[in-house]
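Residue numbers (our numbering): 2 to 412. Read the structure below first, then the notes.
Structure representation (structure tokens):
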């Protein structure tokens, strides 16, 4: 395929992806406000549903504006050859090719983040603030940005340097060698995320002794799940939305509860939420998700190896000669339809896993408090209780609320 044909293929893929994503979001946004289901009548009112729909529509309109901006900017970079122009400008510095590539990606990353900054600000301090979710201060907002830059430079830059070195030194064999490194990194992140990375952004404190901790430990022992590392995270410093998650394997496993979760739910509901998370662990969902993610990374690297040395790809993006950084940009765009399909498969599996974790919590603790917790979470976060089926199929990693309640409340 010639460089000109490749250029228009990239444009076609970009347009296709944009239209599919926005069409699905439009279908979901246009879905009508439903009648209040009987099992939510004590939690929802007409005003709640209207507010949830207004929140959804406002996010849709804003997302559409931000998406069009990003789409047109990327389209211009392809058609005008600006990626190649940036690469050629960096070549003029006469530095080592590895550092040229690092500088290229550094400029693209920082430039992209700066362009998205006004949109991030508006989403946080206007939309989230308007609906009562935002707790982030200006200082926290910019502090998170700076810390994110630091992590990207230290960790992302280090991995990228190794990746590029392997491309230059190992030829097409780079893919499986970096795959091993990436797999090790993914496991390490899961093991050490709550110990090394999360504390940079949030404060973790051990759950205080009391009724809740006793109930959690008692439940964990009843299902033969030794658990001593229970932490509370100050999620309220950024948002009023609540969550809980597991991290790590073996003796390093920890459960993290948002402080907002503790504020909004009684002990039995919190134990039910924990039982759901234990269900993921007992059913090996976490392990299998890790395995599948590692396989996906391997597939992506293998496919990248087939096109990374194509000079026409570099020329299609405005380069003067073969450039690994331009080819990586081009491959990322070409891979996006495959990524979408893989994402649909992963979301289907995730929804299946959520049902299984719910069933585990129901059989080992109780379905009622978990159902009550889900209802409260849904109402407080203005969740959509009537999402469009196609939007759910493509984008939802969790089943819609009413589907989960139907199974949990079934006798």
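All C-beta atoms, glycine included, are put in the ideal place defined by N, C-alpha and C. If you're wondering where the values come from, they're calculated on a predicted model, not measured in any experiment.
Confirm, please, whether the CB-CB distance from residue j to residue i is below 8 angstroms.
i: residue 85; j: residue 319; result: yes
i: residue 15; j: residue 301; result: no
i: residue 277; j: residue 221; result: no
i: residue 308; j: residue 321; result: no
i: residue 255; j: residue 225; result: no
i: residue 371; j: residue 402; result: no
i: residue 126; j: residue 240; result: no
i: residue 272; j: residue 366; result: yes
i: residue 61; j: residue 30; result: yes
i: residue 238; j: residue 141; result: yes
i: residue 338; j: residue 18; result: yes
i: residue 7; j: residue 314; result: yes
i: residue 96; j: residue 11; result: no
Could you tell me the alpha carbon to alpha carbon distance between residue i and residue j, rounded to whole angstroms?
i: residue 377; j: residue 136; result: 20 angstroms
i: residue 382; j: residue 106; result: 36 angstroms
i: residue 200; j: residue 114; result: 23 angstroms
i: residue 203; j: residue 81; result: 42 angstroms
i: residue 188; j: residue 245; result: 20 angstroms
i: residue 99; j: residue 162; result: 7 angstroms
i: residue 45; j: residue 154; result: 46 angstroms
i: residue 198; j: residue 149; result: 10 angstroms
i: residue 13; j: residue 20; result: 11 angstroms
i: residue 71; j: residue 109; result: 13 angstroms
i: residue 265; j: residue 42; result: 19 angstroms
i: residue 311; j: residue 323; result: 7 angstroms
i: residue 159; j: residue 103; result: 10 angstroms
i: residue 210; j: residue 409; result: 30 angstroms
i: residue 5; j: residue 143; result: 41 angstroms
i: residue 191; j: residue 298; result: 16 angstroms
i: residue 368; j: residue 296; result: 34 angstroms
i: residue 346; j: residue 395; result: 9 angstroms
i: residue 344; j: residue 293; result: 11 angstroms
i: residue 172; j: residue 305; result: 12 angstroms
i: residue 261; j: residue 128; result: 20 angstroms
i: residue 213; j: residue 268; result: 5 angstroms
i: residue 101; j: residue 174; result: 22 angstroms
i: residue 406; j: residue 195; result: 31 angstroms
i: residue 243; j: residue 218; result: 21 angstroms
i: residue 283; j: residue 399; result: 18 angstroms
i: residue 351; j: residue 90; result: 44 angstroms
For residue i, is the classification buried or exposed, using 16 other Cβ atoms within 10 angstroms of its Cβ as the cut-off for buried?
i: residue 77; result: exposed
i: residue 55; result: exposed
i: residue 206; result: exposed
i: residue 2; result: exposed
i: residue 325; result: buried
i: residue 169; result: exposed
i: residue 36; result: exposed
i: residue 259; result: buried
i: residue 9; result: exposed
i: residue 355; result: buried
i: residue 93; result: exposed
i: residue 74; result: exposed
i: residue 236; result: buried
i: residue 285; result: exposed
i: residue 185; result: exposed
i: residue 332; result: buried
i: residue 88; result: buried
What would DSSP say about residue i, mapped onto helix, strand or coil?
i: residue 95; result: coil
i: residue 369; result: helix
i: residue 243; result: coil
i: residue 254; result: coil
i: residue 191; result: helix
i: residue 337; result: helix
i: residue 224; result: coil
i: residue 102; result: helix
i: residue 230; result: coil
i: residue 248; result: strand
i: residue 259; result: strand
i: residue 206; result: strand
i: residue 348; result: helix
i: residue 313; result: helix
i: residue 135; result: strand
i: residue 323; result: coil
i: residue 26; result: helix
i: residue 301; result: helix
i: residue 47; result: helix
Using 7 angstroms as the cut-off, classify the Cβ of residue i as near or not near the heavy atoms of the ligand COA, replying yes or no.
i: residue 237; result: In terms of ligand content, the structure shown is empty, and the ligand COA therefore cannot be addressed.
For this session: Assess, as a yes-or-no matter, whether the segment 12-28 is touched by the segment 388-404 under the definition of 3 or more beta carbon pairs within less than 8 angstroms.
Result: yes
Exercise. Is it true that the segment 277-291 meets the segment 38-52, where meeting means three or more beta-carbon pairs spaced less than 8 angstroms apart?
Worked result: no
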